[in-house]
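The numbering used here numbers the first residue of the sequence shown as 764 and each following residue consecutively.
No residue lacks a Cβ here, since even glycine has one placed at the ideal position from N, Cα and C.
Read the structure below first, then the notes.
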Amino acid sequence: MIQHNYIEKTYAGWLGKIIGIRLGSPIEGWTYDQISKIYGDIDGYLVDYQDYAADDDSNGPLFFVRALKDYSYKIGEITEKEMGYTWLNYAPENHGFFWWGGYGISTEHTAYNNIKHGIDAPRSGSIEQNGLACAEQIGGQIFSDCWGFIAPGEPQLAAEYAAKMARVSHDGEGVNGARFVAGCISAAYNASSLMDIIEVGLSLIPEESEYYFMAKSVIGYYTSDSEKDWRKCFKYIQENFGYDKYPGSCHIIPNAAVMILSMLYGDESFSKTLCICNMCGWDTDCNAGNIGSILGVFVGIEHIEDKWIRPVNDLLLSSSVIGGLNITTVAQSIELFCGLGYKIAGVEPPKDWKDILYQDNYFLHFNLPKSNQAMRIKSSNKSAEITIKNVQVEERRCLRITANRLQSDTEVIVYHKTYYQPDDLHDSRYDPAFTPILYPGQTVKTALYNRSGFTLYARIYIQDLNHNKMIYSDIYQLTDEWTELEFHIPDLKDCLIKEAGIIINKNADTKINDKVLNVDMKYFGFSGSPSYNINFAEERIENYGFGHSTLHKEISQFTCKNGLWELDKEYLSGSCCDEGEAYTGYYNHKNYTYECTLNPQTGNYHLMLFRVQGGVRSYAFGFYGKDTIALVKKHKYFSILEKKAYQLDYKKDYRLKITVNNDLITAYINGQRMFEIEDNSYLHGQIGLGVLEGSHCHFKEVTVLNED
């Protein structure tokens, strides 16, 4: 039976995970002695990040769980092989998402390459294939939080899901760690103590395992420790379960021991437990992330201090191949977990959550305590004091915008970033990349309530990055009742929307000295399907990496799975040794017409991709083999749906067009209809460009027209 506060508990757990990652990141890999010498006791964040970039610890749970959406959410139907394909679908190749430390060194890198080359899961992560050291590194547990979130109060079920996914890359103690973490999170939804949670987690792994022996040893030390001194317990761990006792660069056992220690000595306090976990050292962000999930679910959002929540700003950035999914919020992303949780349990969500959990639009609600959905504030008046806060108003929660020290011409701006660039981020340790989440042709909506006691006006705006231009809606008068504002974004040529928001100002005839602006926001969201174009002459190379070096670069508003992608005047140049794909556009777009000009340079494979749902789930149309044009479908590998002979001339423009309408796909080249077929494998997705088998192609004049 799912708990009445399931969604709120899951939000607290997932937020706890993000807090733990952020807290541990600056000292990841440090020893206890280094941390003690430099920082002493830790009681808060060590670095004041601006916007925190993507991290492997959050990438994994957020995208691996999507296997249950792409295949089956039933434990008896989803297979390890399908879970392995999920890795290829969402993780870029050789950059981003997780640590690409080398085959046989990085467990995840090893598993990814195994699957790509036909060694499917579970063999891809087995000791038989990769050896003991590689199979038992820490990744088995650090990506397993999601399985606890989707099976609340069902630790055995959570452990079974976790074990299936863990076997994609791990084996032995690596799988035991996945079962333990997922089981603990699941148990935390209705447990009465942390000790109970630990015991439930241990009941899910073999008693003869090293993981079980280590945990029982640490519990035994704690039980006999009359002083309850965690530092002495950590010394015991160093001596008996330290890094020097196990192979590999980051073995699971020492880090799991730190997790057990912190849960035992943390007095069931979120803050104390996470700080102890970090002061021990080793893989701090991974350990604190898992502990944050367990403690967050256990204590609830009301027991997580604002000092941890406020800097996160509810923002969650990722580094999958789907750039539109890489921009989300902590509150939004728990809808994925809980939507699956209700389906798995066979339970209808509460009435006020049902539409939110299963809708396709980008919708920001404020139903969760302390959530501000990554909304931001600024003002035309630097002296204005503006705050936003999640508040309860009668029977609903909303976002309250408050401002004082106003001047006659003050504008209060509340906005949401719809695209990120390198300068927005503190760093890019896991190579984030983004496509916009808002496009021309879509509609921005919000609802505001004026509680100020004087007349206010508001209008929606968007900002076009490519032309540094603001576009505005009509002006609305705000009253002491809910006023709905709406802005249908017009056709904007060569546009990239970087932010959308609301500008609030007063009636010019109203004196506002010593008055306080007080406005509530019910929701903020984007709906409808886009129509847009991309002119590569307006795009740019965006350099990421530490110091924004050229080690990681992306084409603006594109993500790259693999291959070499460069801008060449009005062209996007794509080449590869085996495969190259780049994606953009609205992920949930269903019916559209997509046109692109291809100018083949060399090789025989030049493609436009459509309904792209990731690196192994898409359709493509174009030149596919020597003097052959084809319509193909990809599920790990491409398979031909239809093909015809067609002369390919190099350095000549070909205008390709695809129209998708539900399951009907129609393909044209230079105005000539080539194929019309029905296929319902993929009914939504981004657009993209691709080359295969050493080909090189120039692409230009990308246009997408909505057909809904």
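Query: DSSP three-state assignment for residue 1126, whether helix, strand or coil; Result: strand
Query: Where residue 1267 sits in the DSSP three-state scheme; Result: strand
Query: Buried/exposed call for residue 1426, threshold 16 Cβ in 10 Å; Result: exposed
Query: As assigned by DSSP and simplified to three states, the class of residue 1466; Result: strand
Query: Simplified DSSP assignment, three categories, for residue 1138; Result: coil
Query: Selection from 1438, 1456, 1422, 1460 that minimises the alpha carbon distance to residue 1450; Result: 1422
Query: Beta strand (DSSP E) runs contained entirely in the segment 1318–1365, provided each spans 3 or more residues; Result: 1322–1325, 1327–1331, 1334–1338, 1342–1347, 1355–1365
Query: Whole-Å CB distance - residue 1160 paired with residue 1130, under 8 Å assumed; Result: 5 Å
Query: Option nearest residue 1165 by Cα separation, candidates 857, 841, 780, 1216; Result: 1216
Query: Identity of the residue in 1414, 1377, 1390 nearest residue 1396 by Cα; Result: 1377
Query: Distance between residue 1242 and residue 1197 (C-alpha atoms, nearest Å); Result: 37 Å
Query: The segment 1177–1190 touching the segment 1245–1253, judged by at least three CB pairs closer than 8 Å; Result: no
Query: Per-residue DSSP class, three states only, for residue 1025; Result: helix
Query: Where residue 884 sits in the DSSP three-state scheme; Result: coil
Query: Expected contact under 8 Å - CB spacing of residue 965 and residue 978 to nearest Å; Result: 6 Å
Query: Supposed close pair residue 1094, residue 774 - CB separation, criterion 8 Å; Result: 6 Å
Query: Stretch pair the segment 1204–1219 + the segment 1284–1300: three plus CB contacts closer than 8 Å; Result: yes
Query: Per DSSP, the bridge partner or partners of residue 1079; Result: 1091
Query: Classification of residue 986 by the beta-carbon crowding that lies within 10 angstroms, buried from 16 upward; Result: exposed
Query: Per DSSP, the bridge partner or partners of residue 1153; Result: 1162
Query: Where residue 1312 falls, given that 16 or more other Cβ within 10 Å makes a residue buried; Result: Since pLDDT at residue 1312 reaches only 49, below the 50 mark, its modelled position is unreliable, and the value read off the structure follows with that caveat. Classification for residue 1312: exposed.
Query: Inter-residue spacing [alpha-carbon to alpha-carbon] between residue 873 and residue 778; Result: 30 Å
Query: Range of the contiguous beta strand (DSSP E) that encloses residue 803; Result: That residue, residue 803, is in no beta strand (DSSP E); it is neither H nor E in DSSP.
Query: Closest Cα partner of residue 963 within the set 1147, 1329, 918; Result: 918
Query: Three CB pairs or more closer than 8 Å across the segment 1072–1085 and the segment 1045–1058; Result: no
Query: Residues that DSSP places opposite residue 1421 in a beta bridge; Result: 1357, 1430
Query: Reduced DSSP category for residue 1311 - H, G, I as helix; E, B as strand; rest coil; Result: Low per-residue confidence applies at residue 1311: pLDDT is 45, beneath 50, and the placement is therefore not dependable enough to give any value.
Query: Proximity of residue 854 and residue 931 at Cβ, strictly below 7 Å; Result: no
Query: Sequence ranges, alpha helix (DSSP H) only - wholly within the segment 788–852, length at least 4; Result: 795–802, 819–827, 830–833
Query: Separation of residue 1120 from residue 1172, as counted between CA atoms; Result: 40 Å
Query: Residue environment, residue 976, which counts as buried when at least 16 other CB atoms sit within 10 Å; Result: exposed
Query: Buried versus exposed call for residue 1148 [16 or more other C-beta atoms within 10 Å across all chains shown]; Result: exposed
Query: Short Cβ contact (7 Å threshold) for residue 1019 with residue 903; Result: no
Query: Opening and closing residue of the alpha helix (DSSP H) in which residue 929 lies; Result: 918–929
Query: Span of the beta strand (DSSP E), counted from its first residue to its last, around residue 1004; Result: First-last for residue 1004: 993–1004, but that is the alpha helix (DSSP H), not the beta strand (DSSP E).
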